[in-house]
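For reference, the structure discussed in these notes is given below.
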Amino acid sequence: MFATMTPDICFPGSGCFLQDQLGCRTIGAIDVRAQCAGFLVALATADRFIRAGKAERVLIAGAEVHSAALDFSPRGATVTPYFGDGAGVVVLGAAPEPGVLGTVLHADPDDLERFWCEFPASRHMPARMDVEAFRAGRHFYQLEAERMHPQAERVLPEVIGDALERADVTPDGVALLLVHYLDHRVARRAARAAGVPDERIVATAEAAGHMAAAGIPIALADAVTSGRVGRGDVVCAAAFGGGMAWGAAVVRL
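Residues in the sequence shown are numbered from 15 upward in steps of one, following the numbering used here.
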């Protein structure tokens, strides 16, 4: 499964390109388009494949090349600094005891234009983009961050609490909370509101910018590599972003 909002081309999906590079012939390759919540949607979907007996092992990739869609002129000064490029991969496999303890996913299209990339697109016929749209920079990300922040700060603690309740885990039982949102200060405030101590919080955008579907697996890999978490630890990850789409997952490593 390949989660991305910055695919290499319109089609086929990026999962097909990765499949070719890995030499994994004939197995299924599925792209997930859920923007900043993409990794969580892929994780929840892979978990259900395994629980249903349809797969024994699923590779989940989250990767973004935001720099290809950012405006580096002064016009993009309030948007471009938020973002970074990166990729992370996890492998989910069948086990005697489930490692994915609980997932919660939401989407609300009412404010989808607060964060989107409108052009080029098939909704604009026949050329997918006109000169006026190009001159206006509408092929770059359009972001109303200040309008997104209050919603993120409200829904992230809620969805973290819902996922912990579904997993039957208290905030004290969480070894690490990964909060994935484009502004790391908002992410930290939301995490504190969920009742997790500061020393157990990682705001994924703080180190290298917001990397949408790649942010959570990269932060998780960093935490494992550094020894901050290990086998048997409970990790909660939450995300909010374009769509608007948001969610949370609780896993035991």
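We put the beta carbon where it would ideally sit given N, CA and C, even for glycine.
Buried versus exposed, by CB contacts within 10 Å (16 or more), residue i
i, result
"T92", "exposed"
"C250", "buried"
"I232", "buried"
"R245", "exposed"
"S136", "exposed"
"F97", "buried"
"A177", "buried"
"G27", "buried"
"V105", "exposed"
"V188", "buried"
"P171", "buried"
"A56", "buried"
"A204", "buried"
Three-state secondary structure (DSSP) of residue i
i, result
"G276", "The question about residue 276 has no answer here: the residues shown for the chain are numbered 15 through 267."
"L54", "helix"
"G175", "helix"
"H224", "strand"
"M39", "It should be pointed out that residue 39 corresponds to Arg in this sequence rather than to Met. The answer is coil: DSSP assigns R39 none of H, G, I, E or B."
"D236", "helix"
"F129", "strand"
"H80", "helix"
"A150", "coil"
"V93", "coil"
"F16", "strand"
"L170", "helix"
"D45", "strand"
"T59", "helix"
"I23", "coil"
"G187", "helix"
"L32", "helix"
"A251", "strand"
"G229", "helix"
"V145", "helix"
"A69", "coil"
8 Å Cβ shell around residue i - same chain, five flanking residues per side excluded
i, result
"R180", "L115, G116, T117, V118 and V264"
"G29", "M15, F16, A43, I44, D45 and A75"
"F148", "F133"
"T184", "L178"
Rounded distance between the beta-carbons of residue j and residue i, thought under 8 Å
i, j, result
"V103", "I74", "7 Å"
"M225", "G100", "4 Å"
"V248", "R266", "5 Å"
"G107", "R71", "4 Å"
"Q49", "G255", "5 Å"
"R214", "L190", "6 Å"
"I174", "A253", "Wrong, their Cβ atoms sit about 10 Å apart, outside the cutoff."
"D197", "A159", "7 Å"
Cβ neighbours of residue i in the same chain (closer than 7 Å, five flanking residues each side left out)
i, result
"M143", "F133, P134 and H153"
"G52", "A17, T18, M19, V46, G76, A226 and A227"
"A82", "T20"
"T94", "L84, D85 and F86"
"A222", "G98 and G100"
"P110", "none"
Residues near residue i in its chain [Cβ-Cβ closer than 6 Å; skip 5 each side]
i, result
"A201", "V193, Y195 and A217"
"G79", "The identity of residue 79 in the sequence shown is Val, whereas the question assumes Gly. Closer than 6 Å at Cβ, skipping near neighbours: T20 and D99."
"R161", "R128"
"G229", "H194 and T218"
"A121", "G257 and A259"
"T59", "none"
"D61", "V114"
Any chain B beta carbon closer than 8 Å to residue i
i, result
"F129", "As a matter of chain content, chain B is missing from the structure shown, which is built from one protein chain."
Next item on the list: For the segment 34 to 50 and the segment 199 to 210, state whether three or more C-beta atom pairs, one from each stretch, are separated by less than 8 Å.
Entry: no
Notebook entry, point to check: Is there contact between the segment 159 to 167 and the segment 234 to 244, where contact requires at least three CB pairs shorter than 8 Å?
Noted result: no
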